[in-house]
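Written out below as structure tokens is the structure these notes cover.
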Amino acid sequence: MDEISMTFLTETDFNKTDAFVLFAEDMSKCYGLTALNDMRYKFGWHSDMIKPQITKIVDLTYSIGIDLHFAVVDFQDGTVIHNLRLFSFFFDTYVMDQIYVITEMEIIRINRLTYEILNHFQLPDIFEEMKIENGRIKVQCMGGLSAEFDLK
């Protein structure tokens with residue numbers, strides 16, 4: 001079974017490496033390369049205190065999230081399904097009945113089959129945890145604040 005790989009790169013190696021650039025900015029200080037089979041994608045981010053999160057969605061489709069970036073890539077045919085610039089820092093990806101992209105101040109709900117963005121849920125403060133029950137997302141945020149969102 002094929003496994004996705006993640007390699008950290010220097011800025012020089014990033015500039016020399018022949019791979020599709022998912023995201024990088026002038027201020028990027030850290031660089032990485034993901035590869036699976038013959039598909040290679042490179043990207044850059046700001047802080048060496050955090051590492052990219054790579055999450056398997058299904059088969060050869062993976063998400064990559066870090067800083068203000070979130071991408072979904074199909075490594076079978078090389079399609080970049082989503083390449084989102086986030087409004088607040090990426091926190092986590094939950095793959096359940098749908099895909100939930102968690103940022104500090106927002107949850108983005110994506111259809112797991114079509115990859116259509118279904119909802120943007122704004123949070124009252126920085127995300128801490130969430131659970132889904134009875135067709136609702138229940139979110140706990142910093143400062144003791146919470147929010148609930150209907151999924152219907």
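Note that the sequence shown covers residues 1 to 152 in UniProt numbering.
Backbone N, C-alpha and C define an ideal beta-carbon position, used for all residues, glycine too.
Note that this is a predicted model, so its numbers are computed, not measured.
Item: Could you tell me the alpha carbon to alpha carbon distance between Thr103 and Lys16, rounded to whole angstroms?; Value: 31 Å
Item: Among Lys152, Met96, Asn119 and Asn83, which residue has its Cα nearest to the Cα of Arg112?; Value: Met96
Item: In the DSSP output, which residue or residues are listed as bridge partners for Gly65?; Value: Gln53 and Phe70
Item: Nearest to Gly32 by CA position, among Phe43, Gly143 and Ile50, is which residue?; Value: Phe43
Item: Helix or strand or just coil, what does DSSP make of Gly135?; Value: coil
Item: Please tell me whether Thr93 and Ser47 are closer than 8 Å, where the distance is taken between their beta carbons.; Value: no
Item: For my contact list, Leu86 and Phe70 are in at a C-beta cut-off of 8 Å; report their separation, rounded to the angstrom.; Value: 6 Å
Item: Threshold first: 3 residues or longer. Then list the beta strand (DSSP E) segments lying entirely within the segment 18-44, N to C.; Value: 20-23 and 30-36
Item: My output table needs one value for Glu11: the three-state DSSP class, helix, strand or coil.; Value: helix
Item: Taking Arg109 as part of the beta strand (DSSP E), name the residues at either end of that continuous run.; Value: Glu106 to Ile110
Item: Quick check: what's the CA-CA separation for Ile137 versus Ile66?; Value: 23 Å
Item: Considering only the beta carbon of each residue, do Tyr115 and Val72 sit closer than 8 Å?; Value: yes
Item: Please state whether the Cβ-Cβ distance between Leu68 and Phe89 is less than 8 Å.; Value: yes
Item: Count the other CB atoms, across all protein chains shown, that sit within 10 Å of the CB of Glu12; report buried if there are 16 or more and exposed otherwise.; Value: Correcting the residue type first, residue 12 is Thr in the shown sequence and not Glu. Thr12 comes out exposed.
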